[in-house]
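Those protein sequence lines, which keep their order, are chains Y and D.
FYI, in my numbering the residues of the first sequence are 2 to 247.
FYI, in my numbering the residues of the second sequence are 2 to 247.
Glycine included, C-beta positions come from ideal geometry on N, C-alpha and C.
Quick notes on the structure that follows.
Protein chains: 2
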Amino acid sequence: SQSGKSPDLVEAARTARKRGALTLAVTNDPASPLAEAAEVVLPLHAGEEKAVAATKTFLAELAALFQLGAHWSEEATLKEALWPLPEALASASQAEWPRFIEAFTEVEHAFVLSRGLAYASALEAALKLKEAAGLFAEGFSAAEFLHGPVALIEPGFPVLVLAPEDAALPGVREVASSLQEKGALLLWAGAEPGVGEALPAPKAPHPYAAPLVLIQAFYPNAARLALARGQDPDRPRNLRKVTRTL
Amino acid sequence: SQSGKSPDLVEAARTARKRGALTLAVTNDPASPLAEAAEVVLPLHAGEEKAVAATKTFLAELAALFQLGAHWSEEATLKEALWPLPEALASASQAEWPRFIEAFTEVEHAFVLSRGLAYASALEAALKLKEAAGLFAEGFSAAEFLHGPVALIEPGFPVLVLAPEDAALPGVREVASSLQEKGALLLWAGAEPGVGEALPAPKAPHPYAAPLVLIQAFYPNAARLALARGQDPDRPRNLRKVTRTL
Chain Y
2 SQSGKSPDLV EAARTARKRG ALTLAVTNDP ASPLAEAAEV VLPLHAGEEK AVAATKTFLA
62 ELAALFQLGA HWSEEATLKE ALWPLPEALA SASQAEWPRF IEAFTEVEHA FVLSRGLAYA
122 SALEAALKLK EAAGLFAEGF SAAEFLHGPV ALIEPGFPVL VLAPEDAALP GVREVASSLQ
182 EKGALLLWAG AEPGVGEALP APKAPHPYAA PLVLIQAFYP NAARLALARG QDPDRPRNLR
242 KVTRTL
Chain D
2 SQSGKSPDLV EAARTARKRG ALTLAVTNDP ASPLAEAAEV VLPLHAGEEK AVAATKTFLA
62 ELAALFQLGA HWSEEATLKE ALWPLPEALA SASQAEWPRF IEAFTEVEHA FVLSRGLAYA
122 SALEAALKLK EAAGLFAEGF SAAEFLHGPV ALIEPGFPVL VLAPEDAALP GVREVASSLQ
182 EKGALLLWAG AEPGVGEALP APKAPHPYAA PLVLIQAFYP NAARLALARG QDPDRPRNLR
242 KVTRTL
């Protein structure tokens, strides 16, 4: 959590802890109610999150979980990947996707597909397209996509693929190919070759780090898309900084 | 699973069992690979599922899980609710929602909202709107909706609410009210009074049975909507009976 203040999160953490779970809060505010509710806190140190549509918090959360996983698993290749990760992210933040902006400026809706670890990045990308760019986009696992949603695909239907670099890649490529055969407007973001029009992103320092690199490459392009669509990405309609639902 | 044949499901069940999990297959085909892979089988006895977009399998799965939960928990009120459930479902299948069909025939996209146990029915309804009616609809938990997707809501934006009958109801009503204030075209399906235009459904024999009653009331109206939108609900575009992804 960015603010550590959403009552639903705080209540869920309190209830889980009361029932005996070991609770860990990953939050940008180590003095927040969420941090107080949990036994262990991983502070994000992301600095002030000025945007309503939190982006650096999401990236910092993924990075914190990546570090946690690397040290917990004691996987040498994961731990080694931590050092070049900031540089890969800095490089990703420079990715320019003019074709994405051109293709998605006028569309009414879109799918964002990925699979495996990068599935979270597809959901986050779809959420950001909704809140910042005013585009009705739904994120889907490529593994689920043929079970129903594919019925909507017709020539020109916009699909953004965030290409994983791990074992999920061949399955994503296969689904993307079948959508391209149906005439979808297919944009393929990532370092690995794929199908459709390529949106470049740097190679991740470890296949499991691809979800971070992909979403970092996506963010500035989503902001540019928002502007192209006449939206102010810093002021999403109807949204406030802390969402209070319980 | 309806067919018990989707390779991804079968493989997941095999892997889970190999690693020591107790595996239970809920399937309409007790001689299927999925049933063979699992240690325990709950056969659905739903008869032949002729539709590509499986509907009676979904309902029969919910009913099987409801029975399992009732007997496992030994909750008397849950077990008592099993007897009037078929009658409530038969009554729900007669629900007529002309206002839903009228309002959703021309729209480009929609949200389907619910919360708690009925969240699954909102996801299923959105999936069926995609595959049978060719309508880009996304299901959301009302608890999540204010964290981003609400940015898309503008006057006339179509939102279908499946109203729960349990503790989730007040929260859903609150979110629906805030969407109505923003001018959303709000349709409220269920037995409980709500906000927006009412789509009638019979009261469930137990609050936890509301997800079954709601989706049963929805299905025939979704088929009518598909026809109104010029789609054949029995022949969704691009879909086959068994989806093979792995």
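- D/Ala224 and D/Ile102 have their alpha carbons spaced roughly 10 Å apart.
- When rounded, the separation of the alpha-carbon atoms in D/Leu63 and D/Ser92 is 17 Å.
- Per DSSP, the continuous alpha helix (DSSP H) segment holding Y/Leu35 begins and ends at 34–38.
- Per DSSP, D/Phe158 lies in no beta strand (DSSP E) segment and is marked neither H nor E.
- Only Ala143, Ala144, Glu145, Phe146, Leu147, His148, Gly149, Pro150, Val151, Ala152, Leu153, Ile154, Glu155 from the region 142–162 of chain Y bring a Cβ to less than 9 Å from some Cβ of chain D.
- The Cβ of D/Lys131 sits closer than 7 Å to at least one Cβ of chain Y.
- Between the alpha carbons of Y/Thr16 and D/Val173 lies a gap of roughly 21 Å.
- Judged by pairs of C-beta atoms under 8 Å, the region 66–83 of chain D does not touch the region 122–135 of chain D, as fewer than three such pairs exist.
- For Y/Thr56, there is no enclosing alpha helix (DSSP H), as DSSP marks it with neither H nor E.
- Taking 9 Å as the cut-off between beta carbons, none of the residues of the region 189–207 of chain D comes near chain Y.
- The Cβ of Y/Arg174 sits no closer than 7 Å to any Cβ of chain D.
- Scanning the region 169–217 of chain D for uninterrupted beta strand (DSSP E) segments of 3 residues or longer gives 186–191, 198–201, listed from N- to C-terminal end.
- Look at the region 124–163 of chain D and you find these whole runs of beta strand (DSSP E), each 3 residues long or longer: 137–142, 159–163.
- With the criterion set as a beta carbon lying under 8 Å from some beta carbon of chain D, the members of the region 88–119 of chain Y are Glu109, His110, in sequence order.
- Here the alpha carbons of D/Asp9 and Y/Ile154 stand approximately 22 Å from one another.
- Of all residues in the region 41–71 of chain D, those with a C-beta nearer than 8 Å to a C-beta of chain Y are Ala54, reading in chain order.
- D/Ala199 sits away from D/Leu215, with the two beta carbons spaced by 7 Å or more.
- By the criterion of at least three beta-carbon pairs nearer than 8 Å, the region 82–89 of chain D is not in contact with the region 183–193 of chain D.
- Each residue's CA atom was taken as its position, placing Y/Ala36 and D/Ser115 some 29 Å apart.
- Inter-residue distance for D/Glu107 and D/Ala218 is about 21 Å (C-alpha atoms, whole angstroms).
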